[in-house]
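Residue numbering for the sequence shown is 0 to 215, as defined by numbering that gives the first Met the number 0.
All C-beta atoms in this analysis are idealised placements derived from N, C-alpha and C, irrespective of residue type, glycine included.
Small disclaimer: the values here were computed from a predicted structure and weren't measured.
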Amino acid sequence: MPPMVLLGPPGAGKGTQGQMLAEELGIPQIATGDILRAAVKAGSELGQKAKSYMDAGDLVPDEIMVGIIRDRLQQPDAGEGYILDGFPRTVAQAEALDDMLAAIGQKLDHVVHIDVDNELLVKRLSGRVICRDCGATYHTRFNPPAKDRVCDLCGGELFQREDDQEKTVRSRLAVFQERTQPLVEYYRQQGIYRKVDGDQDPETVRARILQAIEGK
Ligand code: AP5
0 MPPMVLLGPP GAGKGTQGQM LAEELGIPQI ATGDILRAAV KAGSELGQKA
50 KSYMDAGDLV PDEIMVGIIR DRLQQPDAGE GYILDGFPRT VAQAEALDDM
100 LAAIGQKLDH VVHIDVDNEL LVKRLSGRVI CRDCGATYHT RFNPPAKDRV
150 CDLCGGELFQ REDDQEKTVR SRLAVFQERT QPLVEYYRQQ GIYRKVDGDQ
200 DPETVRARIL QAIEGK
């Protein structure tokens with residue numbers, strides 16, 4: 000299966016849908032936010048460079064992100080297709096991705112934009128909690144764990160992301176509008192852009208995404 004991109008503002012459900020689709024389609028989900036958070040946690044050189052951008056809700060520079068993706072796409076599990084979650088986020092990243100794929104005779108098959116109203120995004124992110132151990136995502140109201148602050152899957156502690164405070168969320172939404180929204184036109188011109196309404200429950204959104212990519 001050729002690669003696909005999940006596009007959407009912070010909190011649209013890229014991570015949630017990426018995980019569900021990866022299981023369903025049997026291909027990996029490649030989430031640049033997760034790669035960066037792991038680097039920050041490990042205290043690596045990449046993590047040290049990325050942390051201040053992430054905490055402020057800004058984008059990490061394109062050359063760093065392109066390098067990360069170039070390395071990741073060379074891993075053996077990326078040979079049979081993958082779902083990109085959080086990359087590309089700028090036109091320069093999209094052009095670099097097109098070049099990388101062209102060099103190996105591939106191209107993107109689908110770009111699915113999960114569209115959600117900004118106020119709902121703020122509600123989703125300010126209630127999001129994540130397992131420190133396994134990374135599972137919950138929402139204190141929309142998808143609560145059975146026991147407060149404890150992961151249903153592994154019993155790990157649930158925490159709120161540093162960049163999910165309302166002020167930072169609003170900066171991230173503004174950055175999306177300014178830097179990432181131009182990708183809509185970029186991919187529309189390639190004829191691979193699909194927009195899906197993401198304001199329903201995760202199962203409904205999942206069905207809409209599958210319909211968008213299968214109905215191509
Ligand atoms: P990243 O981790 O990619 O953050 P993001 O794009 O802001 O996306 P989120 O993870 O916040 O949201 P999501 O769309 O995955 O939603 P989720 O499924 O979790 O990036 C973080 C930072 O890293 C960036 O700010 C930047 O600094 C840097 N970075 C990363 N990639 C980069 C790049 N390419 N270039 C430069 N910098 C980069 O859902 C959110 C919440 O809503 C959850 O609680 C979930 O349970 C709930 N939810 C999900 N779907 C539904 C639904 N349908 N109904 C109700 N609740 C739902």
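Within the continuous alpha helix (DSSP H) that includes residue i, where are the two ends?
{"i": "R171", "result": "165-174"}
{"i": "T203", "result": "201-213"}
{"i": "V128", "result": "Taken as a continuous stretch (DSSP letters only), V128 belongs to no alpha helix (DSSP H), being part of the beta strand (DSSP E) at 127-130."}
{"i": "V183", "result": "181-189"}
Answer yes or no: the CB of residue i versus the heavy atoms of the ligand AP5, is any distance below 7 Å?
{"i": "P2", "result": "no"}
{"i": "D200", "result": "yes"}
{"i": "L6", "result": "no"}
{"i": "F158", "result": "no"}
{"i": "R127", "result": "yes"}
{"i": "P144", "result": "no"}
{"i": "V204", "result": "yes"}
{"i": "G14", "result": "yes"}
{"i": "R224", "result": "Residue 224 cannot be examined here, being either before or after the span of the chain that is shown, 0 to 215."}
{"i": "M19", "result": "no"}
{"i": "G32", "result": "yes"}
{"i": "P27", "result": "no"}
Given residue i, which residues of its chain have a CB within under 8 Å of its CB, disregarding the five upstream and five downstream residues?
{"i": "G104", "result": "none"}
{"i": "K106", "result": "P1, D97, L100"}
{"i": "A49", "result": "L35, A38, V39, V59, I63"}
What span of residues does the beta strand (DSSP E) with residue i cover, start to end?
{"i": "V195", "result": "192-196"}
{"i": "T139", "result": "Careful: T139 lies outside any beta strand (DSSP E) and carries neither H nor E."}
CB-CB under 7 Å to residue i, same chain, minus the five flanking residues each way: which ones, in chain order?
{"i": "D196", "result": "D114, R207"}
{"i": "R69", "result": "M99"}
{"i": "D200", "result": "none"}
{"i": "Y52", "result": "L58, V59"}
Taking 6 Å as the limit between beta carbons, can you name the residues of its chain near residue i, skipping five residues before and five after?
{"i": "A11", "result": "I113, V115, G197"}
{"i": "E156", "result": "R131"}
{"i": "M19", "result": "R205"}
Judging by CA-CA distance, which residue of the options is the nearest neighbour of residue i?
{"i": "D84", "options": "D70, I29, I129", "result": "I29"}
{"i": "C153", "options": "R140, G32, T136", "result": "T136"}
{"i": "E118", "options": "E94, G56, A173, T89", "result": "A173"}
{"i": "V128", "options": "D147, V111, V110", "result": "D147"}
{"i": "T31", "options": "G46, Q210, Q188", "result": "G46"}
{"i": "D61", "options": "E79, H138, F86, Q74", "result": "F86"}
{"i": "R193", "options": "P181, E177, G214, R178", "result": "G214"}
(request) Let me know the alpha helix (DSSP H) ranges lying completely inside the region 61-111, each 4 residues or longer, listed in chain order. (result) 61-71, 90-102
(message) I'd like the ranges of any beta strand (DSSP E) spanning at least 3 consecutive residues and lying wholly in the region 1-64.
(response) 3-6, 28-30, all fully within the region 1-64.
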